[in-house]
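Residue numbers (the numbering used here), protein chains in the order written: chain P, 1171 to 1430; chain H, 1171 to 1430; chain F, 1171 to 1430. So the structure is just underneath, and the comments pick up after that.
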């Protein structure tokens, strides 16, 4: 028996929005520590890693480990049926081939249940080694999304150059070139609005713009985002999910002339 | 001479939105008791019945009965030109082949008139027998619209099952199955938000989802909707139109395996 | 060296919106008196004339006259990257083949620069003779936009008839006919909401609706619009641009049966 209850059902809606552009289907691995999902995107370039801890749920029970393969377009249809103040419960029997989503309205006068067929999906668990990163940038997630969206108009790849003073995003293409510079500013009033950089050594790396843009679909999950960069290892783009977990995206740098 | 004046011109806009998905053209029958419209939808499955009483208008004069066939797409173009606080006057001469819509702004500095050609349409007046219904459900119209929209994602037909305790809407399809249960709750603070059921005997009936969804285009007309159900007679979905009248939609149940 | 600084970068965004439907590319002529643009629209029917005075900028320097040909779709991509409270600086070297747009955030923690390649465009400077107009109508720009949009649903051309009492816009087509009458009302509380007419003699002229609709893309630039009409000369539709200049559109009347 698996059962997980979340008073804030909107969290699961936002998680789904954060992955469904990259993944058509995915396996949710449920154990007594929580729910995990790890998958390469549809074009096998970037990696998505989601972690929702069991203690972050309002109720959580998982008698036996269970892997639930889901079509994310179908799951999105179901989540669209939840109102923002509905309480969500996911349920599955051991060895079940379906999962049930129950939405209860705040006053409990409306109860909806949606039963979805599960899929058998190939699993690929990639070990992600711990790495000391040359630069770790924390910045407002909306600002990161804005920059990725703006630069995507001009070029296919974005160079991220990080120094103690700040971080610069650059691109160029047929129209011309574009540079966006953010200064480190730890002293702003609200921590969420600050740009901070932990630097071991400066880095300049080049990434495919369209994947960065897909990662920013997670923006509604968190007011801040953390970028971890080092030469020759994938960039990590991490969004915290309230007190319940995180979503991380991994993307290898492009090896080409634009990278210095 | 026919002349009808409506200070709240937005009512006619909403009436038009409530019928133009089902009907391409329609005949408005004007008499001294008011304006009536009755028509099968374009695919001849459901029936629309509209009634606007003469005493609901701010001024109303109809010397001779007149039937005005209108193209509803053309009428919609005209109604789009009305601002929400415009005063509307419809005018036609006896035996005229045009109708004129006059919109006056609140301060009368702007006066617009639109003259539209009328059409000769075949008329089919269907007698609708009075029926005692097994169940009459009153519920918030926005909730009904939400449920029809949600379930349409999963299946083509919706089973409505009504008992003393509440009403259940169900469907199923390729993705899986869905059930939405509303409990009777006459005791909520606002009458408009309550779900009430007058039951002679329980009923379970099956309806084509797409017609229910078309009916819910009338949602802006009224905060509540009334569903009248009995075995072997059409469902009636009724929206009151302020103090001026009502719109009713009739839809026969599907006869198939899913109906119990 | 050319450099122009505008604290309200949103003005340039709105100017661009006001011309990009009519023009694919355009030459901005910069001199020490300011920036001017004059061009026939893509179909060579109407004329756009833009004037931004140097003293309207927060900083302005133009050592040598410079004509900068720009692709307006590319420029629109760059302007989309400006936040509404960004400060904008345009820069170009003498004889340069690029122009640079710098956007600085209010707190200066974010600085973006976009360099765009310039184009060589054929120039056609048309002399516009001074004219005494038979009628000059001032009216709320949103009202003019609304009327042009409404009437475009019914016909391809709009007759504007102006007398001392007011101005009437008329059209007709397959559906029927439409007339919108505005009374002169100089006495309303807010000058921006008034309709005023300076008349030497009444005029009735006929114009192509689609061009009028393109002109109304300038509506966000100003709360009022001025229409100057005389027989046998082009209509002038003028929007003031704050304290910095104006945009004027010229459109010749249609010569046909509908014109009286």
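In this text, a Cβ means the ideal position worked out from N, Cα and C, and glycines have one as well.
Could you check how far apart the C-beta atoms of residue i and residue j are, in whole angstroms? I think they sit under 8 Å.
i: residue 1191 of chain F; j: residue 1387 of chain F; result: 5 Å
i: residue 1180 of chain F; j: residue 1254 of chain F; result: 5 Å
i: residue 1356 of chain F; j: residue 1366 of chain F; result: 5 Å
i: residue 1176 of chain F; j: residue 1227 of chain F; result: 6 Å
i: residue 1292 of chain P; j: residue 1275 of chain P; result: So it is not a contact: roughly 38 Å between Cβ atoms.
i: residue 1270 of chain F; j: residue 1315 of chain F; result: Contact doesn't hold; Cβ gap of about 34 Å is too wide.
i: residue 1218 of chain F; j: residue 1189 of chain F; result: 6 Å
i: residue 1206 of chain P; j: residue 1220 of chain P; result: 7 Å
Suppose the cutoff is 7 Å on Cβ atoms and the five residues either side in sequence are ignored; what does the same chain contact list for residue i look like?
i: residue 1399 of chain H; result: 1303, 1304, 1305, 1330, 1332, 1373, 1375 and 1405
i: residue 1430 of chain H; result: Interpretation of residue 1430 of chain H is limited by its pLDDT of 41, a score under 50 that renders its predicted location unreliable; no figure is taken from the coordinates.
i: residue 1381 of chain F; result: 1215, 1216 and 1421
i: residue 1178 of chain F; result: none
Quick one: Cα of residue i to Cα of residue j, how far?
i: residue 1246 of chain F; j: residue 1246 of chain P; result: 34 Å
i: residue 1422 of chain P; j: residue 1172 of chain P; result: 36 Å
i: residue 1278 of chain P; j: residue 1394 of chain H; result: 20 Å
i: residue 1238 of chain F; j: residue 1223 of chain P; result: 58 Å
i: residue 1231 of chain P; j: residue 1284 of chain F; result: 54 Å
i: residue 1403 of chain F; j: residue 1339 of chain P; result: 52 Å
i: residue 1229 of chain H; j: residue 1261 of chain H; result: 11 Å
i: residue 1347 of chain H; j: residue 1286 of chain P; result: 7 Å
i: residue 1184 of chain P; j: residue 1417 of chain P; result: 11 Å
i: residue 1379 of chain F; j: residue 1321 of chain F; result: 8 Å
i: residue 1408 of chain F; j: residue 1266 of chain F; result: 32 Å
i: residue 1308 of chain H; j: residue 1211 of chain P; result: 47 Å
i: residue 1323 of chain F; j: residue 1385 of chain F; result: 17 Å
i: residue 1360 of chain H; j: residue 1353 of chain H; result: 16 Å
i: residue 1383 of chain P; j: residue 1248 of chain P; result: 25 Å
i: residue 1213 of chain F; j: residue 1196 of chain F; result: 14 Å
i: residue 1198 of chain F; j: residue 1370 of chain P; result: 47 Å
i: residue 1419 of chain H; j: residue 1313 of chain F; result: 38 Å
i: residue 1413 of chain H; j: residue 1201 of chain H; result: 18 Å
i: residue 1290 of chain F; j: residue 1268 of chain F; result: 11 Å
i: residue 1336 of chain P; j: residue 1182 of chain F; result: 29 Å
i: residue 1174 of chain P; j: residue 1264 of chain P; result: 14 Å
i: residue 1392 of chain H; j: residue 1364 of chain H; result: 14 Å
i: residue 1345 of chain P; j: residue 1299 of chain F; result: 37 Å
i: residue 1401 of chain P; j: residue 1368 of chain P; result: 15 Å
i: residue 1343 of chain P; j: residue 1234 of chain F; result: 29 Å
i: residue 1225 of chain H; j: residue 1362 of chain P; result: 60 Å
i: residue 1288 of chain H; j: residue 1319 of chain P; result: 51 Å
i: residue 1325 of chain F; j: residue 1250 of chain H; result: 15 Å
For residue i, which residues of its own chain have a beta-carbon under 8 Å away from its beta-carbon, when the five flanking residues on both sides are left out?
i: residue 1428 of chain P; result: Residue placement at residue 1428 of chain P cannot be trusted, given a pLDDT of 46 that sits under 50; what the coordinates show is reported in the next sentence. Answer for residue 1428 of chain P: 1327, 1329 and 1376, listed in chain order.
i: residue 1297 of chain H; result: none
i: residue 1118 of chain F; result: Summary: the structure shown does not reach residue 1118 of chain F, with chain F confined to residues 1171 through 1430, and so no result is reported for it.
i: residue 1334 of chain P; result: 1354, 1367, 1369 and 1372
Could you name the residues of the same chain whose beta carbon sits closer than 6 Å to that of residue i, not counting the 5 residues immediately before and after it, in chain order?
i: residue 1272 of chain P; result: 1259 and 1283
i: residue 1350 of chain F; result: 1317 and 1339
Run the CB neighbour count on residue i, radius 10 Å, all protein chains shown included, and call it buried at 16 or more, exposed below.
i: residue 1301 of chain F; result: exposed
i: residue 1311 of chain P; result: buried
i: residue 1252 of chain H; result: buried
i: residue 1396 of chain P; result: buried
i: residue 1204 of chain F; result: buried
i: residue 1243 of chain H; result: exposed
i: residue 1280 of chain H; result: buried
i: residue 1425 of chain H; result: exposed
Exercise. Quick one: which residues of the segment 1268 to 1302 of chain P get their C-beta closer than 7 Å to a C-beta of chain B? List them in chain order.
Key: Among the chains of the structure shown, chain B does not appear; the protein chains present are P, H and F.
Quiz prompt | Entirely enclosed alpha helix (DSSP H) segments - the segment 1364 to 1408 of chain F, minimum 4 residues | solution = Positions of the alpha helix (DSSP H) runs, each at least 4 residues long and wholly inside the segment 1364 to 1408 of chain F, are given as 1379 to 1385 in order along the chain.
Quiz prompt | Runs of beta strand (DSSP E) lying entirely within the segment 1189 to 1270 of chain F, each at least 3 residues, in chain order | solution = Here the runs fully enclosed are 1195 to 1201, 1204 to 1210, 1217 to 1223, 1229 to 1232, 1236 to 1241 and 1257 to 1262.
Exercise. Could you pull out every unbroken alpha helix (DSSP H) segment of at least 4 residues lying fully inside the segment 1326 to 1368 of chain F, listed in chain order?
Key: Taken in chain order, the segment 1326 to 1368 of chain F contains no complete alpha helix (DSSP H) segment of 4 residues or longer.
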